[in-house]
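Colleague:
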Amino acid sequence: MELCVALDLPTKEENLELVKKIKEYDVWLKVGFRSYIRDGAEFLKDIKKINPDFKIFLDLKLYDIPNTMADAAESIMGLDIDMFNIHASAGVKAMKTVMQRLSIYEKRPIVLAVTALTSFNEEDFTKVYEKSIVEKANQFAKDAYESGLDGVVCSAYESESIKNSTSKNFMTLTPGIRPFGEDAGDQERVADIAYVQSALVDFIVVGRPIYKSENPAEVVKKILEKI
Ligand code: C5P
Numbered sequence: 080m081e082l083c084v085a086l087d088l089p090t091k092e093e094n095l096e097l098v099k100k101i102k103e104y105d106v107w108l109k110v111g112f113r114s115y116i117r118d119g120a121e122f123l124k125d126i127k128k129i130n131p132d133f134k135i136f137l138d139l140k141l142y143d144i145p146n147t148m149a150d151a152a153e154s155i156m157g158l159d160i161d162m163f164n165i166h167a168s169a170g171v172k173a174m175k176t177v178m179q180r181l182s183i184y185e186k187r188p189i190v191l192a193v194t195a196l197t198s199f200n201e202e203d204f205t206k207v208y209e210k211s212i213v214e215k216a217n218q219f220a221k222d223a224y225e226s227g228l229d230g231v232v233c234s235a236y237e238s239e240s241i242k243n244s245t246s247k248n249f250m251t252l253t254p255g256i257r258p259f260g261e262d263a264g265d266q267e268r269v270a271d272i273a274y275v276q277s278a279l280v281d282f283i284v285v286g287r288p289i290y291k292s293e294n295p296a297e298v299v300k301k302i303l304e305k306i
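Below, the structure written as structure tokens:
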């Protein structure tokens, strides 16, 4: 299992301070909308300057028509990142078009599909997708698997059933992790390390338990010792 640290601090400087504090650890760094829109590709370069071995997950959750998504994926190829994601709800055609476009490259980033956003509760989710979260997340995962993607973003509680209905090698990345039972904040369904290990999760995303801590490096070290 790999640890992915969410760089969710309000400014580029604060994010880079955090990166410096944890630079000796073998972790992935998650760059999301806010920092990518504001700080751009330069921010990715700044991270690599601190430690070129950091792996970067660009969490932009692409959603558009197939050709536009494939064009965006091709632009991402120029960014020297290691993983990015697209929405499974964009459809099988979109996912296949993205993977086909990337197939010409000898080496490409890991591509994950977002299944159900964890911010949805059951009622709101059903209004949009007309199925329960579990049912639809599993369907999206199957679609992503059949479209040639490498894995999905899902809740820890869906990881095992998704692996059972696709493949053990189909990766799961799960946010909402409170490694040692820390405060859940606004997350509805949180899981700890013992749970994600039993659910065969491949990547855990951890934000606040690390960056809100007085000693982020110590928390990262403790997590890495456990996983
Ligand atoms: O601070 P915390 O550990 O809750 O951060 C979780 C990170 O994972 C945040 O960057 C959040 O945007 C992201 N995320 C999530 N739920 C999803 C997708 C992404 O919490 N379904």
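Residue numbers for the sequence shown follow this note's numbering, beginning at 80 and rising by one.
Positions of the beta carbon are idealized from the N, C-alpha and C atoms, including for glycine.
Assuming the contact rule is C-beta atoms closer than 8 Å, A85 and V285 should be a hit. Round their C-beta distance to whole Å, please.
Modeller: 7 Å
Colleague: Please tell me whether, using a cut-off of 7 Å, the distance from the CB of I256 to the nearest non-hydrogen atom of ligand 1 is below it.
Modeller: Result yes, Cβ under 7 Å from ligand 1.
Colleague: Quick check: the Cα distance between E209 and A216, rounded to an integer number of angstroms?
Modeller: 12 Å
Colleague: Please classify I283 as buried or exposed, where buried requires at least 16 neighbouring CB atoms within 10 angstroms.
Modeller: buried
Colleague: Verify the contact flag: P131, CB atom, against every heavy atom of ligand 1, threshold strictly below 7 Å.
Modeller: Relative to ligand 1, P131 has its C-beta separated by 7 Å or more from all heavy atoms.
Colleague: Specify whether the stretch 246-260 and the stretch 93-101 touch according to this definition: at least 3 beta carbon pairs, one from each stretch, less than 8 Å apart.
Modeller: no
Colleague: The alpha helix (DSSP H) that contains E293, what's its start and end?
Modeller: Element bounds for E293: n/a, residue is neither H nor E.
Colleague: Starting from the Cα of Q218, find the closest Cα among V193, N200, E201, S198 and give me that residue.
Modeller: Ranking the options by Cα distance to Q218, first place goes to V193.
Colleague: Given the structure, does D87 come close to ligand 1, in the sense that its CB is under 7 Å from one of the ligand's heavy atoms?
Modeller: yes
Colleague: As a quick exercise: from W107, E92, E239, M148, pick the residue whose alpha carbon is nearest that of D125.
Modeller: Taking each of W107, E92, E239, M148 in turn and checking the Cα distance to D125, the smallest one comes out for E92.
Colleague: For V299, does the three-state DSSP call read helix, strand or coil?
Modeller: In the structure shown, V299 falls within a helical segment according to DSSP collapsed to helix, strand and coil.
Colleague: Spell out the partners DSSP gives F163 in its beta bridges.
Modeller: Here F163 is bridged, per DSSP, to L137, V190.
Colleague: Once you ignore the five residues that flank M80 on each side, which residues in its own chain have a CB closer than 8 Å to its CB?
Modeller: V275, Q276, V280, D281, F282, I283, I306
Colleague: In the structure shown, what three-state DSSP assignment does M80 receive?
Modeller: In the displayed model, M80 falls within coil according to three-state DSSP, outside both helix and strand.
Colleague: Is the stretch 115-134 touching the stretch 232-241 in the sense that three or more CB pairs, one from each, lie closer than 8 Å?
Modeller: no
Colleague: Between the C-alpha atoms of A152 and F259, what's the straight-line distance to the nearest angstrom?
Modeller: One alpha carbon belongs to A152, the other to F259, and they sit about 36 Å apart.
Colleague: If you draw a straight line from the alpha carbon of G264 to that of I144, how long is it in whole angstroms?
Modeller: G264 and I144 have their C-alpha atoms roughly 34 Å apart.
Colleague: Can you find at least 3 beta carbon pairs, one from the stretch 128-135 and one from the stretch 107-114, that sit closer than 8 Å?
Modeller: Under the Cβ criterion (8 Å, minimum of three pairs), the stretch 128-135 counts as touching the stretch 107-114.
Colleague: Nearest to G230 by alpha carbon, out of T205, N94, V190, R268?
Modeller: V190
Colleague: Would you call the CB atoms of Y224 and T245 closer than 8 Å?
Modeller: For Y224 and T245, yes; Cβs fall inside 8 Å.
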